[in-house]
Amino acid sequence: MRLHCLVIPSYSRDYLYVIGLRKVQSMLDIKLIREKTELVEKSLARRNGGFSVKPLLICDEEFRQVQIEWEELNRRTNEISEHFKKGKLEPSEAEALKEETKKLKVRRQEIESLRQDLEKKLFELQLGLPNLPDQAVPDGADEKANKEIKRWGNLPKLQNPMHHYEIGSQLKIFDFERGVKISESRFTVLLDKGAKIERALMNFMLDFHSKRGYLEVFPPILVNRDCMVGTGQLPKFEGDFYKCADDALYLIPTAEVPVTNLYREEVLAEEQLPILHCAYTPCFRREAGSAGKDTRGYIRQHQFNKVELVRFTTPEKAAAEHEQLTLDAEGILEALELPYRRILLCSGDLGFAAQKCYDLEVWFPAQNQYREISSCSVFGDFQARRANLKYKPADGGKARYMITMNGSALAIGRTMAAILENYQQADGSVLIPKALQPYLNGMTALKPEL
RNA sequence: GGAGAGGUGUCGGAGUGGUCUAACGUGCAGUCCUGGAAAGACUGUCUGCGCCAAAAGCGCAGCGAGGGUUCGAAUCCCUCCCUCUCCGCCA
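For the first sequence, my numbering gives the first residue as 86, with consecutive numbering after it.
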């Protein structure tokens, strides 16, 4: 990887689409925006983010005007070249045509830079628009308007429950201080049984999903910029991710990024769908804007482990598959017998790329509240447009965009924290959930050293 | 990191300045042939965008990417990326 990759930011393929006159990927369908402007505006307004397609439409109009002239210049140039092809022109005629082409070329160069600027701007405006919320998503400005869908499990009856980090420190399975020493804040060292539980959870979750038909993948953890744009992290949230200084690569914030991009720029057959993947990866997030939040403990780390579910499907099946994917994530919580609830996010709390999203929240006794442990989102064709994920319909029609969806199942660090809190005993020990015991050589409890 | 060879449509693979969206083969779809199938024959078969209410139609762009030479570039020149082989280095 050469340094110039970084020096020229426009080197990325996303911008080459513009500069190289290759197809421009629409994030929201540009035709939909033109034809159903009011509808799109209304839908975007539900997000309460101040989004509007107006600047995009103005730019689109300008761009098309320029594009029309540009195409006409090319057409005439091609026409002149036809005359030469057919051969034997009078010298004076040939000269005149050469002159004309030179003039056309000058004009084209003028218009070319304008065209490129407009196309790039158009592209950026498109990339900056979030997905449209699904009909089923309730209106609301923030998390207060989220809707609880269901609750599962009985809350443990505990007197003065300890926080997971207190329990973990006491059991000597977390070493927060040394994590900070060898890295910085929000990095933690797991010791002994802590490391083993983390590993057991990964294996348990992957086995669980594999049995349900998810094909396991273990992808690269460093990905190129195209992937980050493809799933919607970039260009809008540049500051949220770790980027390599000497290579144009990013540390993934979630397995969603490499796994969703597995089929980027491909056209699959409808018979191959749905595709179900599960993947364990470490995840890296800068947590910019989270200063002061969850500073203690193991639930908000710059590096954490997660098992992710990803599905690729058709528009017809998407809604049902999203429900199933959410049930699959819940299956882990139920197998581990952790009390949780399912929340339907309101329009204002919805992630940038999401069309509809369920959050799963697990009970934390010491905090006396439910906390997010999974997010199960369906993206419609939003990611598919960005990443160019298509399938050929079985009836032989034109290639269509796939529907993508994904969900954590689950965030492993938070699962460990939830186990510590929910399974804590009065004597300071922690019971191991039955489902996990086979993954820990039959260990049934963590006991404090005497 | 060094040397060499490459990058063309579903795939294989031609093409070294115009007749090239691109031979030929293959795959796929349809029609014919057949009792049915195979073989064979014929036809069709890329994507994105624009003009258009839409269809049809027309146009523009695309041979790894960007730039250059030229009236005209898959083809010539420059830069970069990627793949393969050998060497070096390394888990």
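Yeah, the Cβ is synthetic: ideal placement off N, Cα and C, and Gly gets one too.
Inset, instruction - Would you identify the three-state DSSP class for K402, choosing helix, strand or coil? - result: In this structure, K402 counts as helix in the three-state DSSP scheme.
Inset, instruction - Kindly give me the distance between the Cβ atoms of K391 and R385, rounded to whole angstroms, as I take these residues to be in contact under 8 Å. - result: Not confirmed; about 13 Å, so no contact.
Inset, instruction - Give the DSSP-derived three-state secondary structure of P343 in the structure shown. - result: Looking at P343 - three-state DSSP - the assignment turns out to be helix.
Inset, instruction - Label N231 either buried or exposed according to how many other C-beta atoms from any shown protein chain fall within 10 Å of its C-beta, with 16 as the threshold for buried. - result: Its Cβ being crowded by 16 or more others within 10 Å, N231 is buried.
Inset, instruction - Measure the alpha-carbon distance for D202 versus R149 and round it to whole angstroms. - result: In this structure, the straight-line span from the alpha carbon of D202 to that of R149 is close to 13 Å.
Inset, instruction - May I have the straight-line CA-CA distance separating G374 from F322, to the nearest angstrom? - result: The straight-line gap separating the alpha-carbon atoms of G374 and F322 is approximately 11 Å.
Inset, instruction - Note the first and the last residue of the continuous alpha helix (DSSP H) segment covering I497. - result: Element bounds for I497: 497 to 507.
Inset, instruction - Label G315 either buried or exposed according to how many other C-beta atoms from any shown protein chain fall within 10 Å of its C-beta, with 16 as the threshold for buried. - result: Buried.
Inset, instruction - Give the single residue among V302, E356, A439, P215 whose Cα lies nearest to the Cα of H407. - result: Nearest of V302, E356, A439, P215 to H407, Cα basis: A439.
Inset, instruction - Tell me E233's beta-bridge partners as DSSP assigns them. - result: Under DSSP, E233 shares a beta bridge with I428.
Inset, instruction - Find out if the Cβ-Cβ distance for the pair M490, I282 is shorter than 8 Å. - result: No, they are not a contact pair.
Legend entry - Rounded C-alpha distance that separates R381 from L347: Between R381 and L347, the C-alpha separation is close to 36 Å.
Legend entry - When V265, Q468, P241 are compared against V451, the one with the closest alpha-carbon: This sequence places Ala at residue 451; Val is not what is there. Nearest C-alpha to A451: P241.
Legend entry - Contacting residues, own chain, Cβ-Cβ under 6 Å from L418 (five flanking each side not counted): The beta carbon of L418 lies closer than 6 Å to those of Y425 in the same chain, with the five residues before and after it left out.
Legend entry - Cα-Cα separation, N473 to V274: Per the coordinates, the alpha-carbon of N473 lies some 39 Å from the alpha-carbon of V274.
Inset, instruction - Kindly indicate which three-state DSSP category M290 falls into: helix, strand or coil? - result: Note: M290 maps to helix in three-state DSSP.
Legend entry - Cα-Cα separation between Y335 and E184, rounded to whole angstroms: Looking at the two C-alpha atoms, the distance is approximately 50 Å.
Inset, instruction - Using alpha carbons as the reference points, say which of H387, A364, Q357, A354 lies closest to R370. - result: Taking the Cα of R370 as reference, the smallest distance to any Cα among H387, A364, Q357, A354 is reached at H387.
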